[in-house]
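So the structure is just underneath, and the comments pick up after that.
There are 2 protein chains.
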Amino acid sequence: MKSLVIDTPSSNSTIYCGNGAFAERTAALAQKKLFIVTDSNVFRLYKAHIQGAFGNAPMYILPAGEHSKNYSQLLKILSAMLSAGVTRSYTVVAFGGGVVGDIAGLAASLYMRGVNLVQIPTTLLAQVDSSVGGKTAVDFKGVKNIIGAFYQPSEVIVDPLFLRTLPRREIRCGLGEIIKYGALDAEIYKKLKNNSNALFSEEFIEGITYDCIVHKAAVVCADERDTGGRRKTLNLGHTTGHAFELYYKRKSHGEFVLIGMYYEIFIAKQLGQCDVDYAESLVKLIKKVLPSIPAYADAQKAALFAKYDKKNTRTSLISLIVPKCEGESVEITLPAERYCALIAQCAEQLDQRRK
Amino acid sequence: MKSLVIDTPSSNSTIYCGNGAFAERTAALAQKKLFIVTDSNVFRLYKAHIQGAFGNAPMYILPAGEHSKNYSQLLKILSAMLSAGVTRSYTVVAFGGGVVGDIAGLAASLYMRGVNLVQIPTTLLAQVDSSVGGKTAVDFKGVKNIIGAFYQPSEVIVDPLFLRTLPRREIRCGLGEIIKYGALDAEIYKKLKNNSNALFSEEFIEGITYDCIVHKAAVVCADERDTGGRRKTLNLGHTTGHAFELYYKRKSHGEFVLIGMYYEIFIAKQLGQCDVDYAESLVKLIKKVLPSIPAYADAQKAALFAKYDKKNTRTSLISLIVPKCEGESVEITLPAERYCALIAQCAEQLDQRRK
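First to last, the protein sequences are chains Y and X. Going by numbering that gives the first Met the number 0, the first sequence opens with residue 0, and the numbers climb by one from there. Going by numbering that gives the first Met the number 0, the second sequence opens with residue 0, and the numbers climb by one from there.
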């Protein structure tokens, strides 16, 4: 088990990562007063682990799925905490994937203006990305993550134990974020390239997870509240990914990040912002994980949803973080119309190749 | 106009205090993109000021009153912000009393994980206490301030201009908190004692307001998130005050703080924790502001609600901050039963004196 500390202005967060992390750290947690938040899937799969580690601690079980990430479920968690008599000396344990981490984190930040929070991510996407860094949120009125808080967990327990039950699609989603880190970090990029035929292997994933967390930790230390520009780089692929996610809904977040990266790399190439060979190599990695990138017929319309991205403070302009060369990214800002036209052009090219 | 900076771990907050503060600071704000939150009373009284200072900025008007401090109004504010196209580059202006400041502050902290916040308190209570220090909240399921956040306003504009329209009862409420500061701060105590016949005068209030803010600023700097004990001292009178407020509802917060202080000073005397002459002198000040302290018949039952106070992490024990001697307070912790019995004893004594 490795550990690393994220030292942010608001507080410290320790990440414990590796085999045995769950058993070791939950033994320490057993001394505390706990309130558990999980979802129906995770509870079904890990009932024995939950009961073994947390005994009779009060618990709220969210209905599994992205649709649970709303204020109504948030209020139900807060209400359950109140009924259980949770006080400021309690710790909220978020045991599950990204949805559980985001909503339980927000509940912990709001209850009595903040109680201690421990994140135990059980999906690859949550392990490499969402559980680290203190972003919490729910969706509201069709806009993703519009109600939220920056709230650091006191610890994050990342144990590959939970990845063994994950369907291949969930691993793919996590790899979406991992490839994003590859497009930002030369070391991660090299490892991805050198293992491009073993991306789904347990061993590779365990190693690269820690590397991604190390990268994210450095970014979060430098720019906790996403104001200095550094944290914005983590949005690579996400502006377009989120727009498609809002419009098409069917796929999951990690898949949309892969698709968003593909479309944004196309834009970066068209605008001469990304080295062509490097772009080609990133696209190859993306296709190893998601072989078929959708050629959306109404991509131009879907792209309009990028206006709702929190990063875009003026709705007439769209900002994107795109890869430039190994270990370097660049922010490009373009008129919304031009952005939508380029997205449509990318979709057309995908469509023609398919024919 | 005086100004002072509260430098907390999370961010800086500047308080502008005195005649002319509103005109001067809102002129500077006019350059920014604003979203205004106010209530129906304040809007009626200050429509011209609002339109003069903020032009056509989008606005949400809360129904006036303590009952508006709930999650349903919070969601309506967030929804109005979304409809108005508010982005991260906006500033939320909370223009009103404590309810407006608490709920608008929470909305600003949650929208896109936090947009800039300016507090313009228009009641004495909000000016001397609630607008400063970053505590935001709504009530939930009958528990006060149970959902909230610590979120510093970038600036607080404290102008006595708004006190002129306040009914005497509102001034009384503010004086409740001011006397609390007197019980914590020897300088403020002296000024209160020396002006005990002029407590309601405009001139006295203007001077003492700044003194209270200076006291609070020092406390908030030392203990922003209310974890180190220092900020807890500001809770003097509030444990019992909140319990009565929950049970009896009829009066307003500042009045309950006065009543809470009276009952808690009685307990401090009974337990030999407070100098007797000093206690007498504080009680005299309290009675200058609220001549008739209620002799609650079911005080013992009402006192049970103190268990719900956020400060009480174990429900079998009640913690109180009580005055000890000039400029000094002390925390006492006693079994809930003993606490309730002492509250009942105080109510009986009040009742006998009346007969």
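For every residue, glycine included, the Cβ atom is placed at its ideal position computed from N, Cα and C. Predicted model, so just to flag it, every value in this text is computed and none were measured.
Item to complete: Look up X/S2 in the DSSP assignment and give the residues it is bridged to.
Response: Taking the second sequence and counting its residues from 1, one reaches residue 2 of chain X at position 3. In DSSP, X/S2 forms a bridge with X/Y15.
Worksheet item: Taking any Cβ of chain X, which residues in the segment 138–157 of chain Y have a Cβ under 7 Å from it, in chain order?
Response: F139, K140, V142, I145, I146, G147, A148 and F149
Discussion item. Quick check: is the beta carbon of Y/A83 nearer than 8 Å to any beta carbon in chain X?
Written reply: For the purposes of this step, residue 83 of chain Y is taken as residue 84 along the first sequence, with counting starting at 1. Not an interface residue.
Worksheet item: Taking Cβ to Cβ, would you say X/G253 is nearer than 8 Å to X/L124?
Response: Locating residue 253 of chain X in the second sequence gives position 254, counting from the first residue. Locating residue 124 of chain X in the second sequence gives position 125, counting from the first residue. Yes, these two residues count as a Cβ contact at 8 Å.
Fill in: Through-space distance from Y/A103 to Y/S82, alpha-carbon basis
Start at 1 with the first residue of the first sequence, and residue 82 of chain Y comes out as number 83. Start at 1 with the first residue of the first sequence, and residue 103 of chain Y comes out as number 104. Distance between the alpha carbons of Y/S82 and Y/A103 is about 16 Å.
Worksheet entry | Within the segment 273–325 of chain Y, ranges of the beta strand (DSSP E) (whole runs, at least 3 residues) | 316–324
Worksheet item: Quick one: is Y/A346 buried, meaning 16 or more other Cβ sit within 10 Å of its Cβ, or exposed?
Response: Taking the first residue of the first sequence as 1, we reach residue 346 of chain Y at position 347. Buried, by the Cβ-count rule.
Item to complete: Kindly list, in the order they appear in chain Y, the residues whose Cβ is closer than 9 Å to that of X/P8.
Response: In the second sequence, the residue the question calls residue 8 of chain X occupies position 9. Those within 9 Å of X/P8 in chain Y are P8, S9 and S10.
Worksheet item: Counting contacts by CB-CB distance shorter than 8 Å, is Y/S108 in contact with chain X?
Response: Residue mapping note: residue 108 of chain Y aligns to position 109 of the first sequence, counting from 1. Interface residue, yes.
Item to complete: In angstroms with no decimal places, state the Cα-to-Cα distance between Y/D308 and Y/S251.
Response: The residue you call residue 308 of chain Y lines up with position 309 of the first sequence. The residue you call residue 251 of chain Y lines up with position 252 of the first sequence. Looking at the two C-alpha atoms, the distance is approximately 17 Å.
Discussion item. Let's see if you can read the secondary structure: which residues bound the alpha helix (DSSP H) around X/T135?
Written reply: Translated into positions along the second sequence, residue 135 of chain X becomes position 136. Counting along the chain, X/T135 falls outside any alpha helix (DSSP H), though it belongs to the beta strand (DSSP E) covering K134 to F139.
Discussion item. Can you check which of these residues, X/L73, X/R353, X/C211 and X/K179, is closest to X/A296 by C-alpha distance?
Written reply: For the purposes of this step, residue 296 of chain X is taken as residue 297 along the second sequence, with counting starting at 1. Closest by alpha carbon: X/R353.
Worksheet entry | CA-to-CA distance, X/Y188 to X/A221, given in whole angstroms | In the second sequence, residue 221 of chain X corresponds to position 222, counting from 1. In the second sequence, residue 188 of chain X corresponds to position 189, counting from 1. Their backbone Cα atoms lie some 22 Å apart in a straight line.
Discussion item. Can you pull the chain Y neighbours of X/Y70, defined as C-beta to C-beta under 7 Å?
Written reply: Within the second sequence, residue 70 of chain X is the residue found at index 71, counting from 1. L74, listed in chain order.
Discussion item. Between the alpha carbons of X/Y247 and X/S280, how many angstroms are there, rounded?
Written reply: As a working mapping, residue 247 of chain X is identified with position 248 in the second sequence. As a working mapping, residue 280 of chain X is identified with position 281 in the second sequence. Rounded to whole angstroms, X/Y247 to X/S280 spans 27 Å at the Cα level.
Discussion item. Between which residues of its own chain and Y/A340 is the CB-CB distance below 6 Å, once the five residues before and five after are set aside?
Written reply: Here residue 340 of chain Y corresponds to residue number 341 of the first sequence, with the count starting at 1. Nothing listed; no residue qualifies.
Discussion item. If you measure between the beta carbons of Y/F94 and Y/T13, is that distance less than 8 Å?
Written reply: On the first sequence, residue 94 of chain Y is found 95 positions in, with the first residue counted as 1. On the first sequence, residue 13 of chain Y is found 14 positions in, with the first residue counted as 1. Cβ distance not < 8 Å, so Y/F94 and Y/T13 don't count as in contact.
Worksheet entry | Amino acids of chain Y, ordered along the chain, whose beta-carbon sits closer than 8 Å to that of X/S78 | By 1-based counting over the second sequence, the position of residue 78 of chain X is 79. Those are F139 and K140, listed as they occur along chain Y.
Worksheet item: Would you report the Cα separation of X/R43 and Y/Q151, rounded to the nearest angstrom?
Response: Residue mapping note: residue 43 of chain X aligns to position 44 of the second sequence, counting from 1. Residue mapping note: residue 151 of chain Y aligns to position 152 of the first sequence, counting from 1. X/R43 and Y/Q151: Cα-Cα distance of roughly 42 Å.
Item to complete: Give me the Cα-Cα distance between X/R229 and Y/V155, rounded to the nearest whole angstrom.
Response: Locating residue 229 of chain X in the second sequence gives position 230, where the first residue counts as 1. Locating residue 155 of chain Y in the first sequence gives position 156, where the first residue counts as 1. Going from the Cα of X/R229 to the Cα of Y/V155 covers about 30 Å.
Discussion item. I'd like to know if X/A136 contacts chain B, where contact means its C-beta is closer than 8 Å to some C-beta of that chain.
Written reply: This model lacks chain B altogether, as its protein chains are Y and X.
Worksheet entry | Neighbour-count burial assignment, X/F199, 16 or more Cβ in a 10 Å radius | Within the second sequence, numbered from 1, the residue matching residue 199 of chain X stands at position 200. With fewer than 16 Cβ atoms within 10 Å of its Cβ, X/F199 is classed as exposed.
Practice prompt. Taking only beta-carbon positions, decide if X/R337 is within less than 8 Å of chain Y.
Written response: Within the second sequence, residue 337 of chain X is the residue found at index 338, counting from 1. Chain Y, which has no Cβ nearer than 8 Å to the Cβ of X/R337, makes this no.
Worksheet entry | Contact list for X/G113 against chain Y, beta-carbon separation under 8 Å | As a position in the second sequence, residue 113 of chain X is number 114, starting the count at 1. Neighbours of X/G113 on chain Y, chain order: A148, F149 and R224.
Worksheet item: Below 8 Å, can you find three or more Cβ-Cβ pairs linking the segment 153–167 of chain Y to the segment 108–127 of chain Y?
Response: yes
Worksheet item: Over what stretch of residues does the alpha helix (DSSP H) that includes Y/M260 continue unbroken?
Response: Position 261 of the first sequence, counted from the start, is the residue given in the question as residue 260 of chain Y. Y/M260 -> alpha helix (DSSP H) spans H252 to Q269.
Fill in: Beta-carbon spacing of Y/I266, Y/L319 below 8 Å
Within the first sequence, residue 266 of chain Y is the residue found at index 267, counting from 1. Within the first sequence, residue 319 of chain Y is the residue found at index 320, counting from 1. Yes; because the gap between Cβ atoms is below 8 Å, this pair is in contact.
Worksheet entry | Where Y/G51 sits in the DSSP three-state scheme | Within the first sequence, residue 51 of chain Y is the residue found at index 52, counting from 1. Looking at Y/G51 - three-state DSSP - the assignment turns out to be helix.
Worksheet item: Could you give the C-beta distance for X/G113 and X/K134, rounded to a whole number, given that I count them as a contact under 8 Å?
Response: The residue you call residue 113 of chain X lines up with position 114 of the second sequence. The residue you call residue 134 of chain X lines up with position 135 of the second sequence. Rounded, the Cβ-Cβ distance is 15 Å, inconsistent with contact.
Item to complete: To the nearest angstrom, report how far apart Y/G100 and Y/E263 are at their CA atoms.
Response: For the purposes of this step, residue 100 of chain Y is identified with residue 101 of the first sequence, where counting begins at 1. For the purposes of this step, residue 263 of chain Y is identified with residue 264 of the first sequence, where counting begins at 1. Taking the straight line from one Cα to the other gives about 28 Å.
Fill in: Nearest-angstrom Cβ-Cβ length linking Y/T25 and Y/A52, presumed shorter than 8 Å
The sequence position of residue 25 of chain Y within the first sequence is 26, counting from 1. The sequence position of residue 52 of chain Y within the first sequence is 53, counting from 1. Indeed, because the Cβ distance is near 4 Å, the residues count as touching under 8 Å.
Worksheet item: Within 10 angstroms of its Cβ, does X/P290 collect 16 or more other Cβ (buried), or is it exposed?
Response: Translated into the one-based positions of the second sequence, residue 290 of chain X becomes position 291. Burial call: exposed.
Discussion item. By the three-class DSSP mapping on this structure, what secondary structure does X/M111 have?
Written reply: By 1-based counting over the second sequence, the position of residue 111 of chain X is 112. In this structure, X/M111 counts as coil in the three-state DSSP scheme.
Worksheet item: Relative to the alpha-carbon of X/K300, which residue among X/F243, X/I5, X/Y180 and X/S108 has its alpha-carbon at the smallest distance?
Response: In the second sequence, residue 300 of chain X corresponds to position 301, counting from 1. Nearest of X/F243, X/I5, X/Y180 and X/S108 to X/K300, Cα basis: X/F243.
Discussion item. Please report the distance separating the alpha-carbon of X/D138 from that of X/T226.
Written reply: Counting from one through the second sequence, the residue named residue 138 of chain X turns up at place 139. Counting from one through the second sequence, the residue named residue 226 of chain X turns up at place 227. Rounded to the nearest angstrom, the two C-alpha atoms are 21 Å apart.
Worksheet item: Cα-Cα, which of Y/K179, Y/E336 and Y/P322 is closest to Y/V275?
Response: Position 276 of the first sequence holds residue 275 of chain Y. Of Y/K179, Y/E336 and Y/P322, the residue nearest in Cα terms is Y/P322.
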